[in-house]
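In our numbering, the protein residues as written are 4 to 285.
All residues carry an ideal CB built from backbone N, CA and C; glycine is no exception.
Every value quoted in this text rests on a predicted model; they were computed, and no experiment measured them.
Reviewing the structure listed below.
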Amino acid sequence: MAAPLPSGAGPRRVPSQNGRLSVEVVIVPDAKAGGALIAGAMADLLRRTPDALLGVATGSTPLPVYEALVAQVRSGSVDTSRARIAQLDEYVGLTADHPESYRSVLRREVLEPLGIGMDAFMGPDGTAEDVQAACEAYDRALTEAGGVDLQLLGIGTDGHIGFNEPCSSLVSRTRIKTLTEQTRVDNARFFDDIDQVPHHVITQGIGTILEARHLVLLATGEGKADAVAATVEGPVAAVCPASALQLHPHATVVVDEAAASKLKFADYFRRTYVNKPDWQGI
Ligand code: PGA
């Protein structure tokens, strides 16, 4: 059950545009550099707002972010003791203690290493009898918790964010979705065989995701290059759900050289970032 988390509610947090009105693309040398950059932004946020609600993602891509943030916590440069964590998506039908339920994955990869307890965690119930009610309850709980301050996103090879597969409504709310076969194949590596990959998932909707104050998408590897190009240089279109980031006042897309390899405006993005004032951050 998605329990509303204490604190965080209220009008004090507004999106910080810092003068941006387009997706910022930051090209980094490799995944480790991307992880360090994003962990730095999370740490800055937690210094400003110790009880910030961090929206986290699963998959392989975000791992360098979590590793870098854990290193910062261990070195004492940031304190996560009041941080709150919100889940992006979940498989339907995997129990909370199934090793590949996203709740388990996040407990293992994010909460435990950061020393954050489950009382500061919120996520949808993938085993609820009434899935639709569970989706609506989670969507409401996010709002009641004051909204997500920074949402970390990966991207699917098909351009999905969360589990919003191509042709998801750009104003969708948290709901049940069917995975494409491509996503099931991509995720089969986490299971013994593909037959164990669920067909159904609960995902924050695109409209839900767009309510976070800062969206940070990380993409690494050549396999993501087409999806990244469609996200930032293509039209805003449901066929590439991540292109909805273009509608957000504060969206940052961090890519390594391989994931940037199909960007027509790569040089422009590089020059823009290099010449950016330090105070602005990402
Ligand atoms: P990956 O998944 O990081 O494991 O490539 C990304 C996603 O599906 O959002």
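If you look at Glu27, you'll find it in the beta strand (DSSP E) that goes 27 to 31.
Closer than 7 Å to some heavy atom of the ligand PGA: that describes the Cβ of Ala60. Around Pro280, the same chain offers no residue with a beta carbon nearer than 8 Å, after the five sequence neighbours per side are excluded.
Under the three-state reduction of DSSP, Val81 is assigned to coil, being neither helix nor strand.
For the set Cys138, Asp229, Glu260, the Cα lying nearest the Cα of Lys180 is the one of Cys138. For Ala254, the CB contacts under 6 Å within the same chain, skipping 5 residues up- and downstream, are Val26, Leu218, Leu248 in chain order. The criterion of a C-beta distance shorter than 8 Å is not satisfied by Ile41 and Leu266. For Thr211, the Cβ stays outside the 7 Å cut-off from all heavy atoms of the ligand PGA.
By the neighbour-count definition (other C-beta atoms within 10 Å, threshold 16), Tyr271 is an exposed residue. DSSP places Phe124 within a strand segment (E or B) once states are collapsed to three.
Of the residues assessed, Ile212 falls on the buried side of the cut-off, its CB having 16 or more other CB atoms within 10 angstroms. In the displayed model, Ile41 falls within a helix according to three-state DSSP. Taking every protein chain shown into account, the CB of Thr61 has 16 or more other CB atoms within 10 angstroms, so this residue is buried.
For Asp92, the uninterrupted beta strand (DSSP E) run begins and ends at 92 to 94, by DSSP. The straight-line gap separating the alpha-carbon atoms of Arg50 and Val235 is approximately 30 Å. Here Thr255 carries a strand assignment [DSSP, helix/strand/coil]. Annotated three-state conformation of Thr206 is strand, per DSSP.
Taken from the Cβ of Ser63, at least one heavy atom of the ligand PGA lies inside 7 Å.
For Gln154, the uninterrupted beta strand (DSSP E) segment begins and ends at 153 to 156. The beta-carbon distance between Gly58 and Leu91, rounded to whole angstroms, is 6 Å. This is short enough to meet the 8 Å contact definition. DSSP assignment within the stretch 137 to 222 yields the following whole beta strand (DSSP E) runs of 3 residues or more, N-terminal first: 153 to 156, 178 to 181, 203 to 206, 217 to 222. Between the alpha carbons of Leu97 and Asp195 lies a gap of roughly 14 Å. Take His101, set aside five residues on each side of it, and the residues of its chain with a beta-carbon closer than 7 Å to its own are Ser107, in chain order. In this structure, Gly37 has its beta carbon at no less than 7 Å from each heavy atom of the ligand PGA.
With a contact defined as Cβ atoms closer than 8 Å, Thr223 and Ala262 qualify at about 5 Å.
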